[in-house]
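Visitor:
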Amino acid sequence: KQEVTQIPAALSVPEGENLVLNCSFTDSAIYNLQWFRQDPGKGLTSLLLIQSSQREQTSGRLNASLDKSSGRSTLYIAASQPGDSATYLCAVTQAGTALIFGKGTTLSVSS
Amino acid sequence: EPEVTQTPSHQVTQMGQEVILRCVPISNHLYFYWYRQILGQKVEFLVSFYNNEISEKSEIFDDQFSVERPDGSNFTLKIRSTKLEDSAMYFCASSAGQGVIANEKLFFGSGTQLSVL
């Protein structure tokens, strides 16, 4: 059974710092991996989707990488801002329509 | 920008009562989903729906749960006889094309917080 783990569970950084969030999954047979942002009391917003054949995806200050064989993905956030404070979730798709989520990393960026 | 709309934002019900959670997916999307998140736990898949039928369901989605697309715009989740453990945030989502397996992003609503007393 696929398990998705995110480390650390929480992270506090000062504004301007570059940071890396980690996601690992136990079964490398995935179709894709998505990174989501969740704000308190709100839904999830898809940030980046990496297909299984891809190594990375970039959107603005965000860069996500995927190493399928080792079951790892990282989300790199450059020059962090207070507005980046949120919970970041990763999720994988296997042979079906369901996303399997990690528990998330709660990021706090102080000004 | 198109968005997924969920109503109500909060629902309080007594154990054993029926509840219907409502969602309006993005208009040109073809796949619809329900997920839930119990406080402090992971987001969990419940069910996916395509072409007016269930495409996939999880072990959580037992006979107490049902989904329906009663018209061209709404997508509902019904819980027939609520239990205390059904208390959670319920998220509706939709995707275009052939769904997540075809590398389509999921678009989530803001959720309905269900509290069963």
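Taken in order, these protein sequences are the chains called Y and D. Sequential numbering from 5 applies to the first sequence in my numbering. Sequential numbering from 9 applies to the second sequence in my numbering. Each residue gets a CB set at the ideal place from its N, CA and C atoms; glycine is no exception.
Our contact map puts D/GLY117 next to D/THR21 with C-beta atoms below 8 Å; I'd like the distance itself, whole angstroms only.
Guide: Taking the second sequence and counting its residues from 1, the one referred to as residue 117 of chain D is at position 109. Taking the second sequence and counting its residues from 1, the one referred to as residue 21 of chain D is at position 13. A Cβ-Cβ distance of about 19 Å is found for the pair D/GLY117 and D/THR21, leaving them out of contact under the 8 Å criterion.
Visitor: Return the chain-ordered list of same chain residues with a C-beta closer than 6 Å to the C-beta of D/LEU29, the five sequence neighbours on each side being excluded.
Guide: Translated into positions along the second sequence, residue 29 of chain D becomes position 21. Closer than 6 Å at the Cβ level, and outside the excluded window around D/LEU29, lie LEU85, TYR98, THR120.
Visitor: Is it buried or exposed for Y/ILE104, if we count other Cβ within 10 angstroms and need 16 for buried?
Guide: To locate residue 104 of chain Y, count along the first sequence from 1; it is residue 100. With a 10 Å radius around the Cβ and a threshold of 16 neighbouring Cβ atoms, Y/ILE104 comes out buried.
Visitor: Evaluate contact between the region 80-95 of chain Y and the region 87-98 of chain D, counting only Cβ atoms and requiring at least three cross-stretch pairs below 8 Å.
Guide: In short, these stretches do not touch, since the Cβ pair count stays below three.
Visitor: How many whole angstroms separate the CB atoms of Y/GLN42 and Y/LEU53, which I take to be in contact at a CB cut-off of 8 Å?
Guide: Along the first sequence, read from residue 1 onward, the residue named residue 42 of chain Y stands at position 38. Along the first sequence, read from residue 1 onward, the residue named residue 53 of chain Y stands at position 49. That belief does not hold up - the Cβ atoms of Y/GLN42 and Y/LEU53 are roughly 16 Å apart, past 8 Å.
Visitor: Measure the alpha-carbon distance for D/VAL124 versus D/ASP71 and round it to whole angstroms.
Guide: By 1-based counting over the second sequence, the position of residue 124 of chain D is 116. By 1-based counting over the second sequence, the position of residue 71 of chain D is 63. Going by the C-alpha atoms only, they are around 18 Å apart.
Visitor: Could you tell me whether any Cβ in chain Y is nearer than 8 Å to the Cβ of D/GLY117?
Guide: Here residue 117 of chain D refers to the residue found at position 109 of the second sequence. Yes, its Cβ sits closer than 8 Å to a Cβ of chain Y.
Visitor: Starting from the beta carbon of Y/GLY75, find every residue of chain D whose beta carbon is closer than 7 Å, and list them in chain order.
Guide: The residue given as residue 75 of chain Y occupies position 71 in the first sequence. None at all; the shortest Cβ gap to chain D is about 17 Å.
Visitor: In chain order, what residues of the same chain have a beta carbon less than 7 Å from the beta carbon of Y/SER73, not counting five sequence neighbours either side?
Guide: As a first step, residue 73 of chain Y must be located in the first sequence, where it is residue number 69. Closer than 7 Å at Cβ, skipping near neighbours: SER32.
Visitor: Measuring straight from C-alpha to C-alpha, what distance separates D/PHE115 and Y/PHE40?
Guide: Within the second sequence, residue 115 of chain D is the residue found at index 107, counting from 1. Within the first sequence, residue 40 of chain Y is the residue found at index 36, counting from 1. It is roughly 10 Å from the alpha-carbon of D/PHE115 to the alpha-carbon of Y/PHE40.
Visitor: Between the alpha carbons of D/SER66 and Y/SER115, how many angstroms are there, rounded?
Guide: Sequence index remark: in the second sequence, residue 66 of chain D carries index 58 (1-based). Sequence index remark: in the first sequence, residue 115 of chain Y carries index 111 (1-based). Each residue's alpha carbon lies about 42 Å from the other.
Visitor: Taking 8 Å as the threshold (C-beta atoms), are Y/LEU66 and Y/LEU48 in contact?
Guide: For the purposes of this step, residue 48 of chain Y is taken as the residue at position 44 of the first sequence. For the purposes of this step, residue 66 of chain Y is taken as the residue at position 62 of the first sequence. No, Cβ-Cβ distance for Y/LEU48 and Y/LEU66 is not below 8 Å.
Visitor: Run through chain D and tell me which residues come within less than 7 Å of Y/LEU103, C-beta to C-beta.
Guide: Looking up residue 103 of chain Y in the first sequence gives position 99. Neighbours of Y/LEU103 on chain D, chain order: PHE53, VAL108, LEU114.
Visitor: For Y/SER28, decide whether its Cβ has a neighbour in chain D, counting only Cβ atoms nearer than 8 Å.
Guide: As a first step, residue 28 of chain Y must be located in the first sequence, where it is residue number 24. False, the Cβ-Cβ gap to chain D never drops below 8 Å.
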